[in-house]
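What follows is a short report on a single structure.
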Amino acid sequence: MKRKRGEKEAAAEKKMEIVWQTPANPPEKHDYIFRDGRRYVRPYYFEFISHVKNRWAGKTIVNLFAEEFKGRPYDYYVSAVKCGRIQVDGEMVPVSYVVKSSQKISHFLHRHEPPVMAWDVPILDKEDDVVTVWKPATVPVHPCGQYRKNTVVGVLQAEYGLAPLFPIHRLDRLVSGLLILARNATKADLFRQEIEAGKVQKLYVAKVVGEFPEDEQIVDVNVNYNAREGRSTAEVGNSYDGSSIKGKTACTKFTRIGTNGIHSIVSCKPISGRTHQVRNLF
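For the sequence shown, position 149 matches number 149 in UniProt numbering, and the numbering has no gaps at all.
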């Protein structure tokens with residue numbers, strides 16, 4: 001009887017053991033649940049890992065998180081440090097702890113990724129160095145924000161075993177379209193050079209409300225991208241009226257493909273490549 005009781009206790013302890021995942025753990029097929037037309041990810045324990053950047057050094061651990069990761073309130077980070085959900089170099093630290101450059105910071109969470117639409121990510125062409133897929137709307141290209149497994153890269157790894165993948169360009173989460181991914185760093189760098197040299201062009205097709213003008217429209221404004229907030233704003237002005245213009249010049253050509261008087265289908269061709277360029281001009 002004692003032996004059986006000991007075996008039961010050991011089994012119970014094993015069930016309660018928390019298995020932490022890190023970015024090194026690849027997404028797998030059984031991670032996904034499909035329900036009501038959406039793709040869900042089974043909740044999992046995750047260790048966010050980052051290393052202290054030079055501009056972070058000298059800040060207290062709580063202030064660092066409160067200033068750099070604004071998605072949670074200040075009090076959350078105080079509590080997380082006190083109970084050990086946030087650690088430095090694998091050790092618990094006080095809330096007044098001042099971080100140093102290159103230290104490893106871990107943030108432990110029970111992660112619940114937002115659902116995306118349950119569309120497939122079909123492979124249109126696969127070569128030794130490049131794979132081309134159709135990216136569905138609502139699915140991010142790569143891990144970002146609250147998403148890690150519910151991404152194009154994650155789904156391709158889980159369902160087709162394609163890894164590593166290097167996104168050559170990015171489409172916004174809500175945008176669908178052709179997506180080209182390199183299968184090695186050398187090919188990704190080659191594509192990057194061609195994009196920077198203007199040898200690769202993007203074309204977007206948008207559905208907009210209203211009757212878009214029949215003639216080609218050229219919009220030339222400045223787009224100011226805020227990396228910390230992850231959003232861009234379009235700015236119009238000039239030095240003659242005293243307005244202060246920030247950001248970078250963004251030029252886009254818009255051509256109406258068709259209209260029914262209520263909605264219009266419009267071709268959007270970015271001449272310059274700025275973050276969120278087309279999105280901000282509508």
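All C-beta atoms in this analysis are idealised placements derived from N, C-alpha and C, irrespective of residue type, glycine included.
In this text, all values refer to a predicted model and were calculated from it rather than measured experimentally.
Exercise. Could you check the C-alpha separation between C144 and K199 for me, to the nearest Å?
Key: 28 Å
Exercise. Report yes or no: do three or more beta-carbon pairs, one from the segment 187-202 and one from the segment 258-267, lie closer than 8 Å?
Key: no
Practice problem: Return the chain-ordered list of same chain residues with a C-beta closer than 7 Å to the C-beta of E113, the five sequence neighbours on each side being excluded. | Solution: V41, Q146, Y147, R148, K149 and N150
Quiz item: What number of angstroms, rounded off, separates the C-alpha of G37 from the C-alpha of M117?
Solution: 6 Å
Exercise. Whole angstroms is fine: what's the gap from P26's alpha carbon to G154's?
Key: 8 Å
Quiz prompt | Cβ contact (3+ pairs, closer than 8 Å) linking the segment 168-187 and the segment 124-143 | solution = The segment 168-187 vs the segment 124-143: in contact.
Self-check item: Local Cβ density within 10 Å of V19, reported as buried at 16 or more and exposed below that
Solution: It is exposed - the Cβ of V19 has fewer than 16 other Cβ atoms within 10 Å.
Quiz item: Grouping DSSP H, G and I as helix and E and B as strand, with all else coil, what is H30?
Solution: helix
Exercise. Take K59 and list the residues in its own chain whose beta-carbon comes closer than 8 Å to its own, dropping the five residues that flank it on each side.
Key: E67, V98 and V99
Self-check item: For Y44, the first and last residue of its enclosing beta strand (DSSP E)
Solution: Y44 to H51
Exercise. Below 8 Å CB to CB, which residues in the same chain sit around E216 once its five sequence neighbours on both sides are set aside?
Key: K253, F254 and T255
Self-check item: Cβ pair V221, A250 closer than 8 Å
Solution: In contact: V221 and A250 (Cβ atoms closer than 8 Å).
Quiz prompt | Own chain residues within Cβ distance below 8 Å of H142, not counting five before or after | solution = T151, V152, V153, P167 and R170
Exercise. Specify the secondary structure class of G84 as computed by DSSP and reduced to three states.
Key: DSSP places G84 outside both helix and strand once states are collapsed to three, so it counts as coil.
Exercise. Check whether the Cβ of N222 sits closer than 7 Å to any heavy atom of the ligand ADP, and report yes or no.
Key: The ligand ADP is not among the ligands present in this structure, which contains no ligands whatsoever.
Quiz prompt | Simplified DSSP state of Q103, which is helix, strand or coil | solution = coil
Quiz item: Between F212 and the rest of its own chain, which residues show a CB-CB distance below 8 Å, the 5 nearest in sequence each way excluded?
Solution: F254, R256, T259, S264 and V266
Practice problem: Give the straight-line distance between the Cα atoms of G210 and I262, rounded to the nearest whole angstrom. | Solution: 5 Å
Exercise. Reducing DSSP to helix, strand and coil, say where Q146 ends up.
Key: coil
Quiz item: Where do the ends of the alpha helix (DSSP H) carrying F191 lie?
Solution: Residue range A185 to E196 is occupied by the alpha helix (DSSP H) that includes F191.
Exercise. Could you name the residues of the same chain whose beta carbon sits closer than 7 Å to that of S272, not counting the 5 residues immediately before and after it, in chain order?
Key: T249, A250 and C251
Quiz item: To the nearest angstrom, how far is it from the Cα of A158 to the Cα of Y32?
Solution: Taking the CA atoms as reference points, A158 sits about 9 Å from Y32.
Quiz item: What are the start and end residues of the alpha helix (DSSP H) that includes A163?
Solution: Neither: A163 is in no alpha helix (DSSP H) and is coded neither H nor E.
Quiz prompt | Boundaries (first-last residue) of the alpha helix (DSSP H) holding V62 | solution = I61 to E68
Quiz item: For P115 versus W134, is the C-beta distance shorter than 8 Å?
Solution: The answer is no: Cβ separation not under 8 Å.
Quiz item: Looking at the unbroken beta strand (DSSP E) that takes in Y97, where does it start and where does it end?
Solution: Run containing Y97: none; DSSP gives neither H nor E here.
Practice problem: Can you have a look at P136 and say buried or exposed, based on whether 16 or more other CB atoms are within 10 angstroms of its CB? | Solution: buried
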